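With the working numbering applied, the sequence shown covers 1455 to 1607.
The beta-carbon is built from N, C-alpha and C at its ideal position, and this holds for glycine as well.
None of the values given here were measured: they were computed from a predicted structure.
Down below is the structure, laid out as structure tokens.
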Amino acid sequence: MTYFLGMEVHQSDRGIFISQHSFALKILDKFCMHNCKAVSTPVAQGEKLTSSGDQQRVDERHYRSLVGCLLYLTATRPDIMFGVSLLSRFMHCCNEAHLKAAKRILRYIKGTATFGVMFESRNQLKLEGYSDSDWAGSLDDMKILQTLCCNFV
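Given below as structure tokens:
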């Protein structure tokens, strides 16, 4: 195993596995979530976050630090990308609902800290593409969140 920019790189005959296991554990410690109960999904089903509402405001520096750590973790954790990108919309107006959603992602990381990205070595590769949209799911401005993913398989 070697380290590159804080990422753990494992090379084998099967391919290259890149993870940020130690960084994930550091994030849990930094935000006092190392003893939390793990959840199976990073975002609660049907959760809609807005910038308006009667929720209590939270410390923006703390929230920004948490979201920034999660953004760095997405380099090897595409499974949390949707939730983290959703949270990053509210850096200027974060409230308790946003912090609760961010802590849910931390709880998900608690149970999946060893996850990463595997680049398998193969002789023949095929390009596959997928896309998805939330059909104007933002309650604030009715903007569409669209995702595109291309893989070599």
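Please report the distance separating the alpha-carbon of residue i from that of residue j.
i     : j     : result
L1482 : Q1465 : 27 Å
C1486 : N1605 : 36 Å
V1497 : F1477 : 21 Å
L1602 : S1587 : 9 Å
Y1584 : M1535 : 15 Å
E1574 : V1607 : 9 Å
E1501 : Y1457 : 36 Å
L1560 : L1503 : 17 Å
T1488 : L1479 : The identity of residue 1488 in the sequence shown is His, whereas the question assumes Thr. If you take the alpha carbons of H1488 and L1479, they lie about 7 Å apart.
A1429 : S1505 : As shown, the chain starts at 1455 and ends at 1607. That puts residue 1429 outside it, with no answer to give.
Identify the continuous beta strand (DSSP E) that holds residue i and give its terminal residues.
i     : result
H1488 : H1488 -> no beta strand (DSSP E), and no H or E assigned at all.
Assuming residue i contacts residue j under a Cβ cut-off of 8 Å, what Cβ separation, rounded to an integer in Å, is found between them?
i     : j     : result
C1548 : V1512 : 5 Å
Tell me, please, which residues DSSP counts as bridged to residue i.
i     : result
E1582 : N1605
T1456 : V1463
F1477 : None, per the DSSP bridge assignment.
Q1600 : S1587
G1469 : E1574
Whole runs of the alpha helix (DSSP H) within the segment 1509-1576, excluding any shorter than 4 residues: Within the segment 1509-1576, the complete alpha helix (DSSP H) runs of at least 4 residues are 1514-1527, 1535-1541, 1550-1565.
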